[in-house]
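Encoded as structure tokens, the structure appears first; notes follow it.
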Amino acid sequence: MDYFKMIPNDIPLPLPDGGLSFVEPVFHLLLVVAWVVHILFINVLLGASFGAVYFNSKGVKMKNPVFDRVGYLLTTPVTISENMGALWGVAPLLLVSVLFTPLFYAAAIMNSPHWLHIIYGNIAAFLLSYLYKFTWHTLEDRKSLHLVIGVISVALFFTLPPVFMATVQLYITPTTWTYDTHFWDALLRPDTFFRLMHFYFASFAVTGIFMLLYGFYKRKSADELDRQAGDVLVSTGKSWFLVPTVLNFFVGPLVLFSFPSYGLEAFFNSGYYWLILLSIVLALVMIYMLIKGFFNNDLSAKKVWTIVGLMLVVVMSMATLRHGMRLSLTGPAMAEAKAKSLDFQQRAQDAKLEAEAAAAAAPKVQMAQGEALATKHGCLACHSVDNKVVGPAYREVAKKGYDQAKIVALVAAPQPANWPGYTAMPPMPQVPAEDLKVIADWINSLK
Amino acid sequence: MFDFPIFDMPLVGHRLMFAFDAIVHVFISHGAAVGGSIILVLAQWFAIKNNDRKFDELAYKIFFTFFVLATAVGALTGIGIWIHVNIINPAAIGALLRVFFWKWFIEWIVFNLEMIFLLIWFLTWKARPLGTPGKKSHFKIGLYYAIASWLTMAIITAILGFMMTPGNWLASDFPTKPDYLASLMNPSWIPSLGFRTFFSVIWAASAAMMLSWFFTKQDEELRAQAMRFFGRILAACIIPMIVFGYWYYLQFPQAAKDLFTMGVITRRLIATPELATIVTVALALLSLASMLYLYFKPKKAAVWIALVMFIANAALISEFERVREFVRKPYIIYGYMYANGVRVQDMALLNKEGYLKNAAFVPEEYRNPTATTPPEIRIKTGEYLYQMQCRYCHTINGVNSVKARITNLGIQGNADALYQRIKGLNSAATPFMPPFAGTDEEMKALAAYLATLNAPPSQAAAAAKP
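Chains as they are written, first to last, in this note's numbering: chain R, 2 to 448; chain W, -14 to 451.
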């Protein structure tokens, strides 16, 4: 296909499917499921870490201990979701690296060194979020310092998705690659930008649902402050879900239509658009349920769990259609990479056999034993018989008239003073003395 | 590798960048997680047995430090190793992922359990004080954490062992039917696992001794108790570590054993190989002496003694990891793939057809150097070759600078001599360098490019003439 200017070879080893045809679909299923778990944790990580700082500052500003408690309560989901989010990111990374190796690794390299930010930026954000959490009470009298720590850690967490998004968009659109595509080219494209926006909005929406659940649970706490914080979480959760979800109805289509047309065509022909319709309908149902009870904070358990269930179905359906888009876009490129790789392996195998046959058939060149040993021990990397390379030509050495023992000694302990103007030779103690004697005689035979 | 785009890390170089992440990961995963979980479980067991509240509190303080390091730095630098290799040597990690996919997947499941046990053990430690019935079940969580933690290391060690000694996998029929069991049961897996297990405990115990010094400033009795407790664990692991270490050493290929001395010191000091032994023995004695002093005179020992022991151990671990990485050269997967991502079995094709002919990410005009290629194109072609075959280990003028290497040989600006040198890269003079992959004209293009590095521009153009 002419879409692709450049396609790397696939890895010349079989997929680890044991030769069983049903394993590859299992990989795809695992990829989607593990990715959903990962992204839910990451959504809550972004939303809750933001909320922990937001409510902390609100508590300071209004001198209200309830808001302070809401912020503090939100640090626990941050700790859990940063650990579990990173952990559950490993499985999708593993699967993508195996299923789409040439495309994914190529994109990661184009985005380097920025790609490394997902490690070092993450470590810094992680450590600061711990510092923020564990100094909540000790820095009670120095709130502004405490807030600065929180803000930096949240800001750092928010810098990680752009790096991921740029790499993901780049690897699923190999048609856009040029010989010098780099990170900023990928990040500043409309598809990356709108997807990033969609993701940030969704993070707040998912955190909203999480707050609803968390607040519902905290309202039953024995601690009065916790109960009040639970109320705040429930009412905040509703608006955090509603506003971004409505906005995403506008951003979503912008993402969809910024993909290359051959991918869109395959996407629609495979029927994935049904999942878009399903997601929209279910999201509308959730919006209706929450708006209906917007001013009534006494939600029933049944209603809360229905909303959580609906959200999981929406997220699962969106993850599946996202995977559908990935397959539609990468299918032709992966097919080409695999074909190229098979061809390369065949040619390599042929060339190897040919070279082996040629070596076996070639008449043995009669080489002096000394020369053969000099080759074997790497002497010819620096010396040649007639010309100066790094060290002097062997004919020049022969002219010095050293005897065999002297040459043997000099190889083990060279005397740079003998050869002004040449680079000093490193001692070669690893060459056995028996071999050296033969080499020395050969050198002296070159006079 | 020719299949991928090029990212050239200036000055620092790929090797050092990777080594930084990897060594931080080893320090923390071996110390705070694998060894740390074992000594903390023992410490908690000891506190429960003696109903010793102070010792329990000390163990928690050490745990707090280990927890923060293991989750924030240890886990992420572990993923970081993968991310680093992915941009340095995608061909190698791509191959490893295909050979070890299911082991990696199982490792990930165990890693999940490890993380869950860790979070529960840490977050509920204070809610289950000594003397309450909950403490016993809390102790069990710690035990499960230690087991899961060790299992993740067991699986990852198999991959490292495989890279050094692929064993019968190499003899199996790939790509059609690679022997996955052989790749797991490679000869150095079990010995290296034993070696790493015991040095992890030693390393964690020495970290715990150092931390205890800081956490017991007000309580000398507790300090003495802690030094004795952790010191005993440490001492018990020394002999098994040496035994496993020796068994592990026996598994290395002879060519790798020959490079050991150079791995300990650097090539520059190779004229005095005894330095390697001196450095290693001195570090070990320093560590042992400080440990014994802390053990026998805990109340008198100054903080610097604890620090010396800790730093000497850190240096020994770094030395081991460097040697292990160094002696594997010129390969990244022994006998299968060279350090620069070229498969051994592809050499014949690349030497015949040309390396650049297969380079998807090099513009067409630089893919076919011939005797009549104009100098600018020729030099640029050489630069691509440098970036694709040399930058794995070298930088132009930073760490392991190729410019300095050339100057040391005294052949700067001399394209003919450089060409001769490139021909013999994988000779006994530099057995750790992979051979150049490509045609004679490609070697000349690389030599022409390298000749421009140290030469003034006018000479550079002259050197590029065929």
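Backbone N, C-alpha and C fix where the C-beta goes; we use that ideal spot for every residue, glycine too.
- CA-CA distance, tyrosine 369 (chain W) to threonine 355 (chain W), rounds to 15 Å.
- Here the C-alpha atom of alanine 76 (chain W) lies approximately 14 Å from the C-alpha atom of leucine 16 (chain R).
- Here DSSP, grouped into helix, strand and coil, assigns serine 412 (chain W) to coil.
- Secondary structure at lysine 162 (chain W): strand, using DSSP grouped into helix, strand and coil.
- Residues of the region 177 to 188 of chain W that bring their beta carbon within less than 8 Å of a beta carbon in chain R are absent altogether.
- Secondary structure of lysine 314 (chain W) (DSSP, three-state): coil.
- In the structure shown, lysine 125 (chain W) adopts helical secondary structure according to DSSP, grouped into three states.
- Rounded to whole angstroms, the gap between the alpha carbons of leucine 248 (chain R) and lysine 339 (chain R) is 41 Å.
- At least one beta carbon of chain W lies nearer than 8 Å to the beta carbon of phenylalanine 127 (chain R).
- Using a CB distance cut-off of 8 Å, threonine 142 (chain W) does not count as an interface residue toward chain R.
- Its Cα nearest to that of threonine 109 (chain W), the residue W:Gly127 stands out among W:Trp154, W:Trp93, W:Gly127.
- Neighbourhood of methionine 287 (chain R) in chain W, by CB distance below 8 Å: empty, with the nearest CB roughly 30 Å away.
- Think of a sphere of 8 Å around the beta carbon of threonine 415 (chain W): the chain R residues whose beta carbon falls inside it are Gly379, Ala382, in chain order.
- Here the C-alpha atom of phenylalanine -11 (chain W) lies approximately 56 Å from the C-alpha atom of proline 66 (chain R).
- For methionine 322 (chain W), the secondary structure class from DSSP, reduced to helix, strand or coil, is strand.
- Non-local beta-carbon contacts of valine 256 (chain R) in its own chain, meaning distances under 8 Å to residues more than five positions away in sequence, involve Asp192, Phe195, Arg196, His199 in chain order.
- Buried is the label assigned to glutamine 236 (chain W), since at least 16 other Cβ atoms lie within 10 Å of its Cβ.
- For the set W:Lys39, W:Ala55, W:Gly152, the Cα lying nearest the Cα of proline 114 (chain W) is the one of W:Lys39.
- Annotation: lysine 6 (chain R) is outside any alpha helix (DSSP H) and is labelled neither H nor E by DSSP.
- Distance from the Cα of glycine 20 (chain R) is smallest, within the candidate group W:Lys46, W:Met100, W:Pro163, for W:Pro163.
- Here tryptophan 275 (chain R) is exposed, its C-beta having fewer than 16 other C-beta atoms within 10 Å.
- Within the region 312 to 334 of chain W, those residues whose Cβ lies closer than 9 Å to any Cβ of chain R are, in chain order, Arg328, Gln330, Asp331, Met332, Ala333, Leu334.
- As far as DSSP is concerned, arginine 352 (chain W) takes part in no beta bridge.
- Counting along the chain, tyrosine 273 (chain R) sits inside no alpha helix (DSSP H), nor does DSSP assign it H or E at all.
- Look at phenylalanine 96 (chain W): its C-beta is under 8 Å from a C-beta on chain R.
- Chain order gives the chain R residues near glycine 65 (chain W) as Ile120, where near means a beta carbon separation below 7 Å.
- For methionine 7 (chain R), the chain W residues whose C-beta falls within less than 7 Å of its own C-beta are Ala345, Phe346, listed in chain order.
- Think of a sphere of 7 Å around the beta carbon of tyrosine 131 (chain R): the chain W residues whose beta carbon falls inside it are Val53, Ala57, in chain order.
- At a C-beta separation below 7 Å, tryptophan 89 (chain W) has these neighbours in chain R: Leu95.
- Taking a contact to require three or more Cβ pairs closer than 8 Å, the region 179 to 186 of chain W and the region 6 to 16 of chain W qualify as touching.
- Check the Cα spacing between alanine 286 (chain W) and each of W:Ala297, W:Ile296, W:Ala274: the tightest is with W:Ala274.
- By the criterion of at least three beta-carbon pairs nearer than 8 Å, the region 171 to 183 of chain R is not in contact with the region 202 to 216 of chain R.
- Counting C-beta atoms within 10 angstroms of its own C-beta, asparagine 399 (chain W) has 16 or more neighbours from the protein chains shown and is therefore classed as buried.
- With a cut-off of 8 Å on Cβ pairs, the region 413 to 425 of chain W is in contact with the region 308 to 328 of chain W, counting three or more such pairs.
- Taking a contact as a CB-CB distance under 8 Å, the pair alanine 432 (chain W) and isoleucine 407 (chain W) counts as one, their CB atoms being some 6 Å apart.
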